[in-house]
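Chains as they are written, first to last, in this note's numbering: chain A, 1 to 189; chain B, 1001 to 1189.
Protein chains: 2
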Amino acid sequence: MKLTPLIQSFVLHFGEMGSRWGINRTVGQIYALLFVSEKPLNADEMAEALGFSRSNVSMGLKELESWRLVKLQHFPGDRREYYSTPEDVWAIFQTLAEERRKREVEPTLTMLRGALMEEPGNDAERYAQARMAEMHGLIDLVTSWFSDIQKLDVETLEKLMKLGAQVQKFLLFTQKLPFIGQDAARKEE
Amino acid sequence: MKLTPLIQSFVLHFGEMGSRWGINRTVGQIYALLFVSEKPLNADEMAEALGFSRSNVSMGLKELESWRLVKLQHFPGDRREYYSTPEDVWAIFQTLAEERRKREVEPTLTMLRGALMEEPGNDAERYAQARMAEMHGLIDLVTSWFSDIQKLDVETLEKLMKLGAQVQKFLLFTQKLPFIGQDAARKEE
DNA sequence: ATCAAATTTCAAAGATTACTGAAAATTCAA
DNA sequence: TTGAATTTTCAGTAATCTTTGAAATTTGAT
């Protein structure tokens, strides 16, 4: 399979973007190729289309599997493994967000909590802890809100997003509705 | 200046996290150090505390400046440049988000729009374009919503986040309020 | 204008990460 | 169980990215 310039440029762009995000170029390109491919591809097809060695593709796929970003399937009478991406772009986005949370956000929160448990030994440490507490609060708030939001079905989510900053109006509104205000305050300390 | 173990572990953690996010370790550590430091630091102090060469710190600071993540200031009678981070963690978060949007999201959207303008040469390209359109729609929706949200003041934003998925209730509510429903639909095509 | 202090640049060295080909391991049909 | 097809592993090499020290530049007080 030879890539057309259109698809080529998409694939190359994702390779570059990948590297900026700490994902290696190969992995980014493999993913991009699968994303725009109508039917699942096997490793040899990918290696040929991208000009990588077979073994490089194998490693890339392993990486993508660990991120739960690709689906594996077989065809009758063909022993080779075929890969594809989920159709639903929202689902892809959510998987990505969840994996990043597990791999990067959670360890950071754990580290911060650990540091906050320590008895400060001097003023510098006391100040540092105050800063870490602020950071912990922010990350915790943003991520738990994000995981809340993720529970919404896509349709609702899209409505919410299209609403944009207008949501503020309802928020003001809620201050006046005690029964909802109650709920809204469930996370307040 | 010698770092205490508490601060040390914070700094090292951010160095590691930085590399996973395509930011070099030095830059991550410098930023972490400034973040937990009560008073602004000059380059020599940073180099000594982190055990880097002076020139490495200089490059790291240049990088951080290009991200608008550090503030520069001078003290009377001292020619050296002192750096610090903004106090407000929300402001930091927003700067980071905005810079990433400029550097990574916008170029991606531009590339996608370009690809979508092309006349598809065959079925593979037609399918690829459909996928790119889906991706463009998602990225565009999420980022424009995000920039909308960023316009809210911090207090409102925190309320909104603490509300979490409860926001859905209001959303259902709005479907029945025509005057608001109008607003909410302003982005519908 | 001079000069020392401070910062930046940059080529080279060092470290890390990515990629390959060959070999090993696995899989599955016969 | 055998063996061909397929996938994975891994040690070595290649490529990229990071860090340094020396030199060049900039800065600002005198």
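By construction, the Cβ of each residue, glycine as well, lies at the ideal position given by its N, Cα and C atoms.
Rounded to a whole number of angstroms, what is the C-alpha to C-alpha distance between residue i and residue j?
i                             : j                          : result
leucine 1116 of chain B       : lysine 2 of chain A        : 20 Å
asparagine 46 of chain A      : valine 57 of chain A       : The sequence shown places methionine at residue 46 of chain A, not asparagine. One C-alpha to the other measures close to 7 Å.
phenylalanine 1014 of chain B : methionine 111 of chain A  : 10 Å
glutamine 182 of chain A      : tryptophan 1021 of chain B : In this prediction, glutamine 182 of chain A scores a pLDDT of 44, lower than 50, which makes its location untrustworthy; the coordinate-derived value is nonetheless stated afterwards. So the two alpha carbons sit approximately 39 Å from each other.
arginine 186 of chain A       : arginine 68 of chain A     : Residue confidence is low: arginine 186 of chain A scores 42 on pLDDT, short of 50, so the model does not pin down where it sits. Its coordinate-derived value is still stated next. Their backbone Cα atoms lie some 33 Å apart in a straight line.
phenylalanine 75 of chain A   : arginine 100 of chain A    : 32 Å
alanine 1097 of chain B       : arginine 1079 of chain B   : 33 Å
phenylalanine 1035 of chain B : threonine 26 of chain A    : 34 Å
proline 1120 of chain B       : serine 53 of chain A       : 29 Å
glycine 77 of chain A         : leucine 41 of chain A      : 15 Å
glutamate 158 of chain A      : leucine 1012 of chain B    : 39 Å
leucine 163 of chain A        : tryptophan 145 of chain A  : 17 Å
isoleucine 1023 of chain B    : threonine 1004 of chain B  : 24 Å
leucine 1072 of chain B       : leucine 1064 of chain B    : 11 Å
alanine 130 of chain A        : aspartate 88 of chain A    : 42 Å
glutamate 1118 of chain B     : alanine 91 of chain A      : 27 Å
glycine 114 of chain A        : serine 1009 of chain B     : 10 Å
leucine 138 of chain A        : proline 86 of chain A      : 32 Å
glycine 263 of chain A        : tyrosine 31 of chain A     : A question about residue 263 of chain A goes unanswered here, because the residues of chain A that appear run from 1 up to 189.
serine 958 of chain B         : glycine 51 of chain A      : The structure shown has nothing for residue 958 of chain B, since chain B only spans 1001 to 1189.
glutamate 48 of chain A       : alanine 1049 of chain B    : 49 Å
threonine 1156 of chain B     : threonine 156 of chain A   : 21 Å
Between which two residues does the alpha helix (DSSP H) harbouring residue i extend?
i                         : result
tyrosine 141 of chain A   : Going by the sequence as given, residue 141 of chain A is leucine instead of tyrosine. Element bounds for leucine 141 of chain A: 123-150.
glutamine 1094 of chain B : 1089-1100
aspartate 1044 of chain B : 1043-1050
arginine 103 of chain A   : Note, arginine 103 of chain A: premise wrong, no alpha helix (DSSP H); not H, not E.
arginine 1025 of chain B  : 1025-1036
glycine 17 of chain A     : In the sequence on display, residue 17 of chain A carries methionine and not glycine. Residues 5-20.
glycine 60 of chain A     : 54-66
methionine 161 of chain A : 154-163
Which residue wins for smallest C-alpha separation from residue i, given the options the options?
i                             : options                                       : result
phenylalanine 1093 of chain B : A:Glu16, A:Met135 and A:Gln8                  : A:Met135
serine 1037 of chain B        : A:Gly164, A:Met132 and A:Val142               : A:Met132
alanine 43 of chain A         : A:Gln29, A:Gly28 and A:Leu61                  : A:Leu61
serine 66 of chain A          : A:Val89, A:Thr95 and A:Glu87                  : A:Thr95
valine 142 of chain A         : B:Ala1128, B:Met1161, B:Met1059 and B:Asp1088 : B:Met1161
methionine 59 of chain A      : A:Gln29, A:Leu109, A:Gln166 and A:Asp123      : A:Gln29
lysine 39 of chain A          : B:Asp1123, B:Pro1086, B:Ile1139 and B:Asp1140 : B:Asp1123
aspartate 140 of chain A      : A:Leu109, A:Leu33, A:Ser19 and A:Ser55        : A:Leu109
serine 147 of chain A         : B:Ser1147, B:Gly1137 and B:Gln1166            : B:Gln1166
alanine 128 of chain A        : B:Leu1033, B:Ala1128 and B:Tyr1127            : B:Leu1033
Determine the extent of the beta strand (DSSP E) in which residue i is found, giving its start and end residues.
i                             : result
glutamate 81 of chain A       : 78-84
phenylalanine 1075 of chain B : 1071-1075
Do residue j and residue i come within 8 Å of each other at the CB atom, strictly closer than that value?
i                       : j                        : result
tyrosine 82 of chain A  : valine 70 of chain A     : no
leucine 1006 of chain B : glutamate 125 of chain A : yes
I'd like to know if the segment 147-167 of chain A and the segment 1094-1105 of chain B are in contact, where contact means that at least 3 CB-CB pairs between them fall below 8 Å. No, because fewer than three Cβ pairs between the segment 147-167 of chain A and the segment 1094-1105 of chain B fall closer than 8 Å, the two stretches do not touch.
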